[in-house]
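A.B. asks: Structure below; questions to follow.
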Amino acid sequence: MSVEILDGATIVNFLEDEEAFNASICDRFAHLDSNNDGKLSYEEMLKELQGLRVMETHFGVDVETDPDELVQVYDSLFVQFDHDLNGTVDLEEFKAETKQMMLAMASGMGFLPVQMVLEEDSFLKKAVEWESAKLVASYSSYPN
Numbered sequence: 001m002s003v004e005i006l007d008g009a010t011i012v013n014f015l016e017d018e019e020a021f022n023a024s025i026c027d028r029f030a031h032l033d034s035n036n037d038g039k040l041s042y043e044e045m046l047k048e049l050q051g052l053r054v055m056e057t058h059f060g061v062d063v064e065t066d067p068d069e070l071v072q073v074y075d076s077l078f079v080q081f082d083h084d085l086n087g088t089v090d091l092e093e094f095k096a097e098t099k100q101m102m103l104a105m106a107s108g109m110g111f112l113p114v115q116m117v118l119e120e121d122s123f124l125k126k127a128v129e130w131e132s133a134k135l136v137a138s139y140s141s142y143p144n
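What follows is the structure, encoded as structure tokens:
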């Protein structure tokens, strides 16, 4: 984990760079697709859904959550990704839903910078790294 500063524009700009976003999506999908069948089962998606930590913290402190309630939340999140309701998530479904979730985060975050603790392999961390690389590239183009 690392502490990073980002805003909604960081996320939106990352999503608009289709090459960078698609590469991140493909990498994460391949990582999750443990049996390499091109689809994510509920079991394969569960680790990703648990990583969202949607109900497990209260102001950064883990609290005990009813396991049955967590199962219901993970089930509903999986259905959110499984657009055709066939019991698996393909790459396009994964990409589309991840993009929608990130846009919702950007909208909720707004355009004032916030400091956040990010998981090293999270999409938000990828967005921050992408933004940093763009800034370095733009500064290196200035004459000395």
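Just so we're aligned: 70 in UniProt numbering is position 70 of the sequence shown, and the numbers increase by one with no gaps anywhere.
For glycine and all other residues, C-beta sits at the position ideal for the given N, C-alpha and C.
Owing to the predicted nature of the structure, the values given are computational and were not obtained by experimental measurement.
1. Which residue wins for smallest C-alpha separation from ALA23, given the options LYS99, LEU46, SER76, ASN86?
2. For MET105, report the span of its alpha helix (DSSP H) as first-last.
3. Within the continuous alpha helix (DSSP H) that includes GLU4, where are the two ends?
4. Determine, using beta carbons only, whether VAL89 and MET45 come nearer to each other than 9 Å.
5. Under 9 Å between the Cβ atoms of LEU49 and PHE78?
6. Please identify the residue among GLU129, LEU91, ASP66, ASN35 whose C-alpha is closest to the C-alpha of PHE14.
7. Give me the DSSP bridge partner(s) of MET116.
8. So, do the region 80–95 and the region 22–40 have three or more beta carbon pairs nearer to each other than 8 Å?
9. With 16 as the cutoff for other CB atoms within 10 Å, does LYS47 come out buried or exposed?
10. Sort out for me which residues DSSP pairs LEU40 with in a bridge.
11. What are the boundary residues of the alpha helix (DSSP H) that VAL22 is part of?
12. Under three-state DSSP, which class holds SER76?
C.D. replies: Judging by the given coordinates:
1. As a working mapping, residue 23 is identified with position 23 in the sequence shown. If we check each option's Cα against that of ALA23, LYS99 comes out closest.
2. In the sequence shown, the residue the question calls residue 105 occupies position 105. Residues 91–109.
3. Here the question's residue 4 lines up with position 4 in the sequence shown. Looking at the DSSP string, GLU4 is not in any alpha helix (DSSP H); the run it does join, the beta strand (DSSP E), is 2–6.
4. In the sequence shown, residue 89 corresponds to position 89, counting from 1. In the sequence shown, residue 45 corresponds to position 45, counting from 1. By the CB criterion at 9 Å, VAL89 and MET45 fall inside the cutoff.
5. The count along the sequence shown starts at 1 and reaches residue 49 at position 49. The count along the sequence shown starts at 1 and reaches residue 78 at position 78. Yes; because the gap between Cβ atoms is below 9 Å, this pair is in contact.
6. Along the sequence shown, one-based indexing puts residue 14 at 14. Nearest of GLU129, LEU91, ASP66, ASN35 to PHE14, Cα basis: GLU129.
7. In the sequence shown, counting from the first residue as 1, residue 116 sits at position 116. Its beta-bridge partners are GLU4.
8. Short answer: they touch.
9. One-based indexing of the sequence shown puts residue 47 at position 47. Result: exposed.
10. Counting from 1 along the sequence shown, the entry for residue 40 is found at position 40. Answer is VAL89.
11. Within the sequence shown, the letter at position 22 stands for residue 22. Sequence check: residue 22 is Asn here, not Val. Counting along the chain, the alpha helix (DSSP H) containing ASN22 begins and ends at 18–32.
12. In the sequence shown, the residue the question calls residue 76 occupies position 76. DSSP places SER76 within a helical segment (H, G or I) once states are collapsed to three.
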